[in-house]
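Position one of the sequence shown corresponds to residue 1 (UniProt numbering), numbered consecutively onward.
We put the beta carbon where it would ideally sit given N, CA and C, even for glycine.
Bear in mind the structure is a predicted one, so any value in this text is a computation, not a measurement.
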Amino acid sequence: MTAILSAEAITVRFGGLEAISGFDLAVERGAIHGLIGPNGAGKTTLLNVLTGFVRPAAGRLMLDGEDIAGRGVNGIAASGLARTFQNLRLFGSMTVLESVLVGAHRKFRASPLALVLGLRSARAAEQAMVERAYGLLDFVGLGSDAADRVATTLSYGHQRRVEIARALMSDPKVLLLDEPLAGMNALEKTEIADLVRVVRGKGITVLLIEHDMQIVRSLCDRLTVLNYGKRLADGDPEAVLSDPAVQAAYLGRART
């Protein structure tokens, strides 16, 4: 299979600190690709590079055959990359439906003036976005009953589902998930892992940062290990997780 998302020789510097050094990543189309590593390894920094929040000092970024380096956050998102964040980013006053609709702003073609004037085409476009949002609420397991609730009043696990629905509103080619299972109990983790599989089943490639090795082992098709800003290992999950260097760096021990 071919890579839909790739990073070549990515280097990121903050002042005199090299946070990522010559890092390579290739995410195959249709895969669930895991990115793991100890805290502070540079995983979230890499996602920030991929989504345009951080500009690398060197390297190349490719999405579906296009060079996306330098396009910025909006340009990269418009190219087909969506993400969730390690820390929940929901607006306290917004309903669940409104929160999901935020993800559609790059797809919504009607101008504000057209909406004010009540043009038929604008109303139709707006209605289509609302219907899509309701469909995604069903898709992520929240249902339409949650639509009018204030998003931040939902349980933590359900707020994560809102974030995933919001990211999917942009109809991405690749979905980046930054620790989507953090803070969840075992049942919630299993349910979100199942949701990620369904997302992949819809033809969306997934790049996932996660610390739960049991979930990673069962969910991911391929793993890349980042350690001190450098790629330590890459390949089949079983092979990567049994690598003594990975166990020493990430798990803090090496099996004998």
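Exposure label - residue i; buried when at least 16 CB within 10 Å
i	result
residue 210	buried
residue 202	exposed
residue 34	buried
residue 37	buried
residue 74	exposed
residue 7	buried
residue 131	exposed
residue 82	buried
residue 205	buried
Endpoints, the beta strand (DSSP E) within which residue i is located
i	result
residue 227	222-227
residue 234	230-235
residue 8	3-14
Cβ neighbours of residue i in the same chain (closer than 6 Å, five flanking residues each side left out)
i	result
residue 68	61, 76 and 79
residue 237	217, 220 and 223
residue 234	224
residue 177	84 and 208
residue 271	As shown, the chain starts at 1 and ends at 256. That puts residue 271 outside it, with no answer to give.
residue 168	136
residue 227	37, 41 and 249
residue 5	27, 63 and 174
residue 23	10 and 231
residue 96	146, 147, 149, 151 and 162
Run of the alpha helix (DSSP H) containing residue i, from where it starts to where it stops
i	result
residue 79	72-79
residue 142	Run containing residue 142: none; DSSP gives neither H nor E here.
Chain-order list of residues whose beta-carbon lies under 7 Å from that of residue i (same chain, five-residue window excluded)
i	result
residue 215	181, 189 and 193
residue 243	233
residue 58	9 and 11
residue 161	140, 141 and 142
Any non-hydrogen atom of the ligand MN within 8 Å of residue i CB
i	result
residue 221	This structure does not include the ligand MN; it has no bound ligands of any sort.
Cβ neighbours of residue i in the same chain (closer than 8 Å, five flanking residues each side left out)
i	result
residue 198	139
residue 44	86, 178 and 209
Validate contact between the region 183-194 and the region 90-103 using beta carbons, cut 8 Å, 3 pairs
no
Counting Cβ pairs, one atom from each stretch, are 3 or more of them under 8 Å apart for the region 44-56 and the region 2-14?
yes
Uninterrupted alpha helix (DSSP H) stretches inside the region 150-224 (no shorter than 4 residues)
156-168, 186-201 and 213-219
Would you call the region 141-153 in contact with the region 40-50, where contact means no fewer than 3 C-beta pairs closer than 8 Å?
no
For the region 29-98, which segments carrying the beta strand (DSSP E) assignment without a break, of at least 3 residues, lie completely within its bounds, in sequence order?
32-36, 58-63 and 81-83
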